[in-house]
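As structure tokens, the structure follows; a few thoughts come after it.
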Amino acid sequence: MAYRHYTKCISVGNHIGKQYAQVIIAAAVVALPLILVGVVAGPAVLLVALAAILAYCRWWLYDRLVCLGGDECAVGWLLKIDPPQEKSGLDRFDTDYSLNLVPGNVFEFTPQAEAEKIQPFGRLIANTPAIKNAGLDWQGLEARQWANDDPTAVLHCEFEGAGVYDLMIACLAAIPVATAAAVACAIPFFGWIACAILTVIAAAIVIVGGIVGILDTANPTDVDENLGDLHVNDPTRRGADILFVKGTWVYDSAHEGWNEIHPIKHCQKIGTWNGSWNESSIPDGSSDRWCEAVDSAGSPLTVAAQQDPENQWTIHPVIDGCRRLSEPGPDPVH
């Protein structure tokens, strides 16, 4: 299945910075209840609220994530899952499904400063020169499975949901209606009636769009319907899925500052965590080879070849003895 993708990362030089982002977030928090107030106070208030929410949506989707160099592949065991259903407040519109992976060769309780030096994936969770030179906040990300655990450095990975995107589309649809309401309000009597009706319609569009967005959540099966349930460790600290993931490597400016894979474009289970990397059986080969194999499997040439008649088999040709039409048949028996 195709992965879902609504965000676009931005170059560090075009990133607006956290100070402006904080103003946008604060305005959006105030603007949400103004949608309801605007029904009573009039379309001018509603338009201000819509502009603030739209600015927030565009920042979230198109400025929050800073590009770090394209797609990357990683292997890690699953320490913690953050499903969208557990979020609250303005975060409810963030319907991404998040995973926190302990990168390959990193063990539980390894701190950020140590983990980022461990090969081959420590570089993915380490600060980059571009982010340092831009003076952006940096902390890295550590997580716990159990509340009394020491923290472990993790690689944050997200399947994208459409919550904020749906909200943005609703605002874009509501703005022309609210604008028409503002014009109608300047016309006595019949214009006032039209103004009231149009204002209610504009508010309803945003409210319905917001509800649709909150319900439009991501799920790991978005990228592979056969992926099944994902597992973290049981109380014996074993049993977590070891995952191979591929996706866009970005810096997330919305938090204390860390790197992540966003969105996840490919995800598959390759093993089960048994307490150490030496005791956890995973397929042979480097992550680079697996990454190349995933790229090859999804390339246009491979997809096109899969549609050829000779590749529409149920039983592999090695077993059933079938040949391509272009292949010569056996020599005739004399």
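Per the numbering used here, residue 716 is the first one in the sequence shown, and the count goes up by one each step. Built from N, CA and C at the ideal position, the CB exists for glycine as well.
Contact between Trp964 and Leu882 is absent: CB atoms are separated by about 26 angstroms, not below the 8 angstroms threshold. When DSSP states are grouped into helix, strand and coil, Tyr735 belongs to the helix group. For Glu873, the enclosing beta strand (DSSP E) begins and ends at Leu870 to Phe874.
Gly837 sits away from Pro866, with the two beta carbons spaced by 9 angstroms or more.
Contact between the stretch 721–734 and the stretch 966–984 is present: three or more C-beta pairs spanning the two stretches fall below 8 angstroms. In this structure, the CA atom of Ile908 is about 12 angstroms from the CA atom of Ala895. Excluding the 5 residues flanking it on each side, Leu913 has same chain C-beta neighbours closer than 8 angstroms at Pro758, Val892, Ala893, Ala895, Ala896 and Ala899, in chain order. Cys910 and Val760 have their C-alpha atoms roughly 13 angstroms apart.
Assigned with DSSP and collapsed to three states, Trp861 falls in coil, not helix or strand. The beta carbon of Pro998 sits closer than 6 angstroms to those of Ile985, all from its chain and outside the five residues before and after it, given in chain order.
Burial check for Lys847: the Cβ neighbour count within 10 Å stays below 16, so the residue is exposed. Within the DSSP bridge table, the entry for Leu814 names Ile796 and Cys872 as partners.
Gln737 sits exposed, since fewer than 16 C-beta atoms from the chains shown fall within 10 Å of its C-beta.
The Cβ atoms of Arg807 and Gly878 lie closer than 9 angstroms to each other. Bounds of the beta strand (DSSP E) holding Tyr966 are Asp956 to Asp967. Boundaries of the beta strand (DSSP E) harbouring Ile976: Trp973 to Thr987, taken from the DSSP string.
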